[in-house]
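As structure tokens, then:
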């Protein structure tokens, strides 16, 4: 199972775009990249998933370069309510759907 | 219900007591996961069910931990003879089983915070 590396923490201000990069050098051919968000005292919540190039939804964008060894979660115009821990995970439908969760990136959005 | 529910939300146990944590997944979700999350850490995989079958229990830390999902819906995580190191938040997640390459979106409950004194 591929492991991921991401910054422990980031700071930003309201209205800014935030980009969180995740490294996954050992990603397998059939692995997908998924990001989750977790607020204090809550379970994680799915944000976005992608395999290659760019994926966008109403919450975020996910950029994946051709070699797929890294990915970047982009949060446009963050607000105070985006303060949370963001997890990058790599996995596929095999391995009994087991996902390896790292420490995540603790994002603090300041007024 | 609309989401995954877990009970109790908080549990305080004396060292050596047995505890049982309940998870009610989203109706119709085939897959069910249990995770342990220590303070400041990411969730750690404990076990996985597909319907009533426990397909993976490689993450259970010891034989004091036992999980079941007898009818393929509600699941219970039982911890026998609790120890202080068992103190953590226990998260349950469920998902639809989707054919295809990507990982299924996991829907998490709020967790049960277990404190062992």
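Chains as they are written, first to last, in my numbering: chain A, 1 to 111; chain B, 1001 to 1117.
Backbone N, C-alpha and C fix where the C-beta goes; we use that ideal spot for every residue, glycine too.
What do you get for residue i, buried or exposed, if any count of 16 or more other CB atoms within 10 angstroms of its CB means buried?
i                       : result
residue 1012 of chain B : exposed
residue 1107 of chain B : buried
residue 1049 of chain B : buried
residue 1079 of chain B : buried
residue 1010 of chain B : exposed
residue 1088 of chain B : buried
residue 1042 of chain B : buried
residue 1015 of chain B : exposed
residue 56 of chain A   : exposed
Is the beta carbon of residue i sitting closer than 7 Å to the one on residue j?
i                       : j                       : result
residue 1021 of chain B : residue 1112 of chain B : yes
residue 78 of chain A   : residue 33 of chain A   : no
residue 1105 of chain B : residue 46 of chain A   : yes
residue 70 of chain A   : residue 23 of chain A   : yes
residue 49 of chain A   : residue 84 of chain A   : no
residue 1045 of chain B : residue 98 of chain A   : yes
residue 7 of chain A    : residue 105 of chain A  : yes
residue 29 of chain A   : residue 102 of chain A  : no
residue 1090 of chain B : residue 1017 of chain B : no
residue 63 of chain A   : residue 54 of chain A   : yes
residue 10 of chain A   : residue 80 of chain A   : no
Under 7 Å Cβ to Cβ from residue i, same chain only, skipping five residues before and after it: list those, please.
i                       : result
residue 1005 of chain B : 1024, 1109
residue 1026 of chain B : 1003, 1004, 1094, 1107
residue 31 of chain A   : 2, 90, 91, 92
residue 1056 of chain B : 1047, 1048
Starting from the C-beta of residue i, find all residues in its chain whose C-beta is less than 8 Å away, skip the five residues before and the five after it, and write them out in chain order.
i                       : result
residue 1052 of chain B : 1069, 1070, 1071, 1072
residue 67 of chain A   : none
Let's see if you can read the secondary structure: which residues bound the beta strand (DSSP E) around residue i?
i                       : result
residue 1050 of chain B : 1044 to 1050
residue 129 of chain A  : For residue 129 of chain A there is no data in the structure shown, the boundaries of chain A being 1 and 111.
residue 78 of chain A   : Run containing residue 78 of chain A: none; DSSP gives neither H nor E here.
residue 69 of chain A   : Segment: none, residue 69 of chain A is in no beta strand (DSSP E) and carries neither H nor E.
residue 39 of chain A   : Looking at the DSSP string, residue 39 of chain A is not in any beta strand (DSSP E), and its letter there is neither H nor E.
residue 1022 of chain B : 1019 to 1024
By Cβ distance below 6 Å, which residues in the same chain neighbour residue i in space, the five residues on each side in sequence not counted?
i                      : result
residue 76 of chain A  : 17
residue 88 of chain A  : 4, 6, 22, 35
residue 19 of chain A  : 72, 74
residue 110 of chain A : 13
- Are at least three pairs of beta-carbons, each pair with one atom in the region 1025 to 1032 of chain B and one in the region 1087 to 1096 of chain B, less than 8 Å apart? yes
- Query: Looking at C-beta atoms only, is the number of pairs between the region 1056 to 1065 of chain B and the region 8 to 26 of chain A that lie closer than 8 Å three or more?
  - Reply: no
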